[in-house]
Amino acid sequence: MAVRDYLRERFMPHIWCAGCGNGIVMNNLIRAIEELGWNKNDIVMVTGIGCSARLSGYVDFHTLHTIHGRALAFATGLKLARPELNVIVPMGDGDATAIGGNHLIHAARRNIDITAIIMNNQIYGMTGGQYSPLTGYGAKATTAPYGNIDQAFDIVELAKASGASFVARTTTYHAKSMIEMFEKALTHKGFSVVEVLTQCPTYYGRKNKIGDAVDLMKYFRDRTVPIGSEKKKEDPTLIERGIFVDVDKPEYCAEYEKLIEKASKG
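Written out as structure tokens, the structure reads:
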């Protein structure tokens, strides 16, 4: 299938702001799926609320646009009922680490075969630029005009500690490697977490005087390094990108099926 076959073009143009990184994420996700040759009828995308959640309206898969923070809860029920389907859950700051934080850690703990894509733009974009659990210390937002005093979650460390069997990080600047990372996450049997550092020029870039979308992407280029880079030793504030965890562990749906079989035998 061609890339355009995976899109609902009747809903274009999209509602994302000019320069938003969500379109880059959607484009690369579709390209990864196209390269894998997956049938779109075997894919379900589940989203919650926020800028990232609009992604489910533009892809021509089975889609569920659910309630805030509960995308992974819906996805878990769906995967248990229809384990043969490929379930993808794009999320933003709130769906993944605020109201939806508990669902993230428990989905990771169970190691259910779902791919979670966390678009980290370090701010709540849809509701007016408030700070989120992913907003860095000192960064400015509508609700932090003098700088954020909270410490941000490190999604990679959170996912690792929670038991996810595939954990990775990339940025919108590194588009080619993002496609490859998505392919690995999608085909991994277990709970996969891919954090994508993405730009919000409308709020984060403007509030923090970083600049437009291009400036933000250059920031990702300059402030991230591959895992194990010598530059990280010289400057600990740099952010590592790459695949941090890729291990085989018992998958939840498979274990659940074994349990049913065991119980049926009495």
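Note that my numbering numbers the sequence shown so that position 119 is 105, with each residue one more than the last. Each residue gets a CB set at the ideal place from its N, CA and C atoms; glycine is no exception.
Classification of residue i by the beta-carbon crowding that lies within 10 angstroms, buried from 16 upward
{"i": "Phe(-3)", "result": "exposed"}
{"i": "Lys204", "result": "exposed"}
{"i": "Ile74", "result": "buried"}
{"i": "Asn25", "result": "exposed"}
Simplified DSSP assignment, three categories, for residue i
{"i": "Cys35", "result": "For the record, residue 35 in the displayed sequence is Ile; it is not Cys. Coil, per DSSP."}
{"i": "Val(-11)", "result": "helix"}
{"i": "Phe47", "result": "coil"}
{"i": "Ser178", "result": "strand"}
{"i": "Arg209", "result": "helix"}
{"i": "Thr158", "result": "coil"}
{"i": "Ile1", "result": "coil"}
{"i": "Val233", "result": "coil"}
Same chain, Cβ closer than 7 Å to residue i, five either side skipped, listed in chain order
{"i": "Leu202", "result": "Gln185, Pro187, Gly191 and Ile196"}
{"i": "Ala61", "result": "Val32, Val73, Val75 and Ile100"}
Chain-order list of residues whose beta-carbon lies under 6 Å from that of residue i (same chain, five-residue window excluded)
{"i": "Ile29", "result": "Phe47 and Asn72"}
{"i": "Pro212", "result": "Gly228"}
{"i": "Arg155", "result": "Val142, Glu181 and Arg227"}
{"i": "Ala94", "result": "Ala145, Ser148, Gly149, Ala150 and Phe177"}
{"i": "Pro119", "result": "Thr83, Ala84 and Phe139"}
Beta-carbon proximity of residue i to residue j, cut-off 8 Å
{"i": "Thr158", "j": "Val182", "result": "yes"}
{"i": "Glu21", "j": "Glu169", "result": "yes"}
{"i": "Val231", "j": "Phe177", "result": "no"}
{"i": "Ser38", "j": "Asn8", "result": "yes"}
{"i": "His54", "j": "Gly78", "result": "no"}
{"i": "Met112", "j": "Gly36", "result": "yes"}
{"i": "Ile98", "j": "Ala82", "result": "no"}
{"i": "Arg68", "j": "His89", "result": "no"}
Own chain, CB closer than 8 Å to residue i, minus 5 neighbours either side, in chain order
{"i": "Glu220", "result": "none"}
Margin query: Going residue by residue through the segment 62 to 134, where are the continuous alpha helix (DSSP H) segments of at least 4 residues, counting only ones entirely within it?
Written below: Counting whole runs of 4 or more residues, the segment 62 to 134 contains the alpha helix (DSSP H) stretches 79 to 83 and 87 to 96.
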